[in-house]
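Counting from 0, one number per residue, gives the positions in the sequence shown under numbering that gives the first Met the number 0.
A short write-up of the structure that comes next.
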Amino acid sequence: MAIPDYQTLMLPMLRILGDGADHTARSVIDALAAEFRLTPEEREQLVGSQRITLMASRAHWAMTYLTQAGLTDRPHRGVWRITDEGGRLLATDPARVDNALLARYEGFQSFINRSAGEPD
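Okay, structure coming up:
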């Protein structure tokens with residue numbers, strides 16, 4: 000299976016964080032890789048000449064977007080959690096969480112308006 004794009008990772012990421020506990024970024028990335036049944040080679044694939052894996056890069060982009068929308072939080076470096084708003088969204092059982100859905104959140108709109116970069 001190909002490594003999912005960052006938008007495809009958003010809903011599974013919210014589900015993983017949905018227990019309300021703090022999770023390390025590494026544990027979330029590992030859980031996502033397992034959920035998508037990535038091979039060891041796919042898990043180790045790097046972004047160009049960088050030292051970050053493509054899976055980790057996409058997970059971090061997904062987390063950034065979810066955080067800007069107010070659905071997740073980063074209470075400490077390398078620690079991720081769902082917010083009350085994220086829990087409310089998850090309770091609606093969305094079919095997909097992507098940029099189009101995030102656009103309903105003011106924080107995400109502000110982020111997009113001031114953002115110049117695009118994820119890989």
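Note that beta-carbon positions come from the ideal geometry of N, C-alpha and C, so glycine has one too.
- Indicate the three-state DSSP secondary structure (helix, strand or coil) for residue 50 in the structure shown. The count along the sequence shown starts at 1 and reaches residue 50 at position 51. Per DSSP, reduced to three states, the secondary structure at residue 50 is coil, with no helix or strand assignment.
- Query: Based on the DSSP output, what are the partners of residue 22 in its beta bridges?
  - Reply: Mapped onto the sequence shown, residue 22 falls at position 23. Bridge partners of residue 22 according to DSSP: 79.
- For residue 45, is the classification buried or exposed, using 16 other Cβ atoms within 10 angstroms of its Cβ as the cut-off for buried? Indexing the sequence shown from 1 puts residue 45 at position 46. By the Cβ-count criterion, residue 45 is exposed, with fewer than 16 other Cβ atoms from all chains shown falling within 10 Å of its own Cβ.
- Query: Who are residue 72's beta bridge partners in DSSP?
  - Reply: Working through the sequence shown from its first residue, we reach residue 72 at position 73. DSSP output for residue 72 lists 80 as bridge partner(s).
- Extent of the continuous alpha helix (DSSP H) run through residue 93: Stepping through the sequence shown from its first residue, residue 93 is reached at position 94. Careful: residue 93 lies outside any alpha helix (DSSP H) and carries neither H nor E.
- Cβ pair residue 10, residue 81 closer than 9 Å: Residue numbering aside, residue 10 sits at position 11 when the sequence shown is read from its first letter. Residue numbering aside, residue 81 sits at position 82 when the sequence shown is read from its first letter. Cβ atoms of residue 10 and residue 81: not closer than 9 Å.
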